[in-house]
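Position 284, counted from 1, in the sequence shown is what the UniProt record's numbering calls 284; the numbers after and before it change by one each time, with no gaps.
For every residue, glycine included, the Cβ atom is placed at its ideal position computed from N, Cα and C.
These numbers come from a predicted model, not from an experiment.
To start, the structure itself, in structure tokens.
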Amino acid sequence: MDSRFTDSTTTLRCNGKSENERKNGDEERISKYSFVSPLCMRGGDGYNSYSSNSLLQRRVLSKAKPVLVKNTKDLMINLNFPTYIKVADLGCSSGQNTFLAMSEIINTINVFCQQRNQNPPEIDCCLNDLPSNDFNTTFKFIQFFNGMNITSKGSYFVYGVPGSFYSRLFPRRSLHFVHSSYGLHWLSKVPEGLEKNKMSVYITNSSPLSTYKAYLNQFQRDFATFLKLRSEEMVSNGRMVLTFIGRNTIDNPLHRDCCHFWTLLSKSLRDLVAEGLVSASKVDSFYLPFYDPNEKEIKEMVQKEGSFEIRDLETHGYDLGHCNQDESKRSKSGQNEANYIRAVSEPLLVAHFGDAIISILFNKFACHVSQHVSCRNKTTVSIVVSLTKKKTFLMS
């Protein structure tokens, strides 16, 4: 559910530029941001894979379920129970979680049609992520997906759609429902102008204000692009349900908890610098293409872009399952969070630092988490927003 940078393998579309101009532009972009192309979850189904370390994402999907179900039903009513529905899950990643939201949508449609004495539609299920995503592991779970929909009365068809969701992915006015969970907090690239943010992979309390502004500006550009492209691909009254890692602070845009996962990753990298395992310059040149917006920032961008109306906007607690009451379980909690964060960040870290330090780095990370599991003033949250595509009027 998490990997999505504009990738060099994304199909080029005619935009009035010559082939050489497009090629030169792509080469410049790839050269400048080549280190972000590995943004994908750890593939396979082994111990350190995303598939084996995505319990948090499963909990997030569960909390977003009421909004997902509500908007699926509203879609069917507003489109007068169509005979065909096209659904896209953007940033699907790999493993069983990939199919949870899609299965919920299918089952909701089938049950709702039965309740209203309507024939269920045929459903196209489009699973999108970057070409570097482990689609092979995902499609190994097709049998699991079929089992979840065993009572389905309608026909559904599953497709893989490789490409960045910061580019066009589908024909115009072809999508009815879009879902994305824990994807849009990943940016299309690392913002420019972060050189003063020393020894930190992301925003911290000690970062210069320019760091926050650079990240916010990049998020605004990317989210506006995402909304514009989806508005072109979706039918009028189509629905989107999007879930972000966000924050519930407004007054101090630099505030990040001492237990924030990227703050702890920065501390872990500094430990390796102190031990001579990594150079300070190497850490100084690594930043994460990530931004955790608050509700206000999301709402303002939706209103400014103008293609969608907000139907629901909810904030939920961010729960990694830490056992705060039992000190004997701190070590286990630390290791669990280290596994979660490693599964989503390892490809990026390996691309920049190499793979020799990864196990040592996340052992350090687990220790730092263990020291902070009792922290109760966490401001990281999950933000769920549902959007309706405004009606479009075609010129005759």
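Assigned secondary structure, K196 (DSSP; H/G/I helix, E/B strand, else coil): In the structure shown, K196 sits in coil (DSSP, three-state: anything other than H, G, I, E or B).
Cβ shell of F170 (< 6 Å), same chain only, five flanking positions each side left out: Only E233 meet the Cβ criterion.
Check whether R311 and S231 have beta carbons under 8 Å apart: It is not a contact, given that the beta carbons lie outside the stated cut-off.
Beta-ladder partner(s) of M240, from DSSP: Here M240 is bridged, per DSSP, to V178, L387.
The stretch 259-272 contacting the stretch 186-194, beta-carbon criterion three pairs below 8 Å: Contact between the stretch 259-272 and the stretch 186-194 is absent, because fewer than three Cβ pairs lie under 8 Å.
Of the residues L194, G160, C375, the one placed nearest D129, counting alpha carbons only: Measuring from the Cα of D129, the nearest candidate turns out to be G160.
With 16 other Cβ atoms within 10 Å as the buried cut-off, status of P66: With fewer than 16 other beta carbons inside 10 angstroms of its own, P66 counts as exposed.
From A214, L194, K86, residue whose alpha carbon lies closest to that of V283: Ranking A214, L194, K86 by Cα distance to V283 puts L194 first.
Neighbour-count burial assignment, T83, 16 or more Cβ in a 10 Å radius: Exposed, since its Cβ has fewer than 16 Cβ neighbours within 10 Å.
Three-state class that DSSP yields for C125 in the structure shown: Of the three classes helix, strand and coil, the one that applies to C125 here is strand, per DSSP.
Contact set for C92: own chain, Cβ-Cβ below 8 Å, skip 5 residues either direction: So the qualifying residues of the chain are M1, T98, L127, N128, D129, N133, T138.
Alpha-carbon to alpha-carbon, Q371 and Q218: Distance between the alpha carbons of Q218 and Q371: 33 Å.
contact_flag[the stretch 338-345, the stretch 222-231] where n(CB pairs < 8 Å) is 3 or more: The stretch 338-345 makes no contact with the stretch 222-231; the number of CB pairs closer than 8 Å stays below 3.
Buried or exposed by the 16-neighbour rule on C-beta atoms within 10 Å, applied to Q256: According to the sequence displayed, residue 256 carries Arg and not Gln. Its Cβ being crowded by 16 or more others within 10 Å, R256 is buried.
For S345 and M240, the rounded distance between their alpha carbons: Going by the C-alpha atoms only, they are around 26 Å apart.
Start and end residues, alpha helix (DSSP H) containing F112: It spans 100-115 - the alpha helix (DSSP H) in which F112 sits, taken as one unbroken run.
Minimum length 3: unbroken beta strand (DSSP E) runs contained in the stretch 64-105: For the stretch 64-105, the continuous beta strand (DSSP E) assignments of 3+ residues that do not extend past its boundaries occur at 84-90, in sequence order.
Range covered by the beta strand (DSSP E) that runs through R221: Here R221 belongs to no beta strand (DSSP E); instead the alpha helix (DSSP H) covers 209-233.
Alpha-carbon to alpha-carbon, L79 and Q114: Between Q114 and L79, the C-alpha separation is close to 16 Å.
Residue range of the beta strand (DSSP E) that includes F308: 308-317 is the extent of the beta strand (DSSP E) around F308.
Minimum C-alpha distance to I383 - residue among H316, L265, G183: If we check each option's Cα against that of I383, H316 comes out closest.
Cross-strand partners of T249 (DSSP beta bridge): Under the DSSP definition of a beta bridge, T249 lacks any partner.
Contacting residues, own chain, Cβ-Cβ under 6 Å from Q335 (five flanking each side not counted): The beta carbon of Q335 is closer than 6 Å to those of A366 in its chain, skipping five residues each way along the sequence.
Closest by C-alpha distance to F226, when choosing among T204, S164, T263: From the listed residues T204, S164, T263, the smallest Cα separation to F226 is found for S164.
Element boundaries [beta strand (DSSP E), containing V158]: It spans 156-162 - the beta strand (DSSP E) in which V158 sits, taken as one unbroken run.
Option nearest L254 by Cα separation, candidates T211, S281, K296: Of the listed residues, the one whose Cα sits closest to L254 is T211.
Beta-carbon spacing of G246, P293 below 8 Å: Going by C-beta atoms, G246 is nearer than 8 Å to P293.
Spatial neighbours of Q118 in its chain, beta-carbon cut-off 7 Å, leaving aside the 5 residues before and after: Excluding positions up to five away in sequence, the list reads F81.
Inter-residue CB distance, S248 and V60 (contact presumed, cutoff 8 Å): Looking at the sequence provided, one finds Asn at residue 248 rather than Ser. About 15 Å; that fails the 8 Å criterion.
Start and end residues, alpha helix (DSSP H) containing W186: Where W186 is concerned, there is no enclosing alpha helix (DSSP H), given that its DSSP letter is neither H nor E.
Proximity winner among F290, S181, V278, relative to S62 (alpha-carbon distances): The alpha carbon of S62 has as its nearest neighbour, out of F290, S181, V278, the alpha carbon of S181.
Check whether S307 and K391 have beta carbons under 8 Å apart: Cβ atoms of S307 and K391: not closer than 8 Å.
Nearest neighbour of S236, chosen from K364, R58, C375, V178 [CA to CA]: Answer by Cα proximity: V178.
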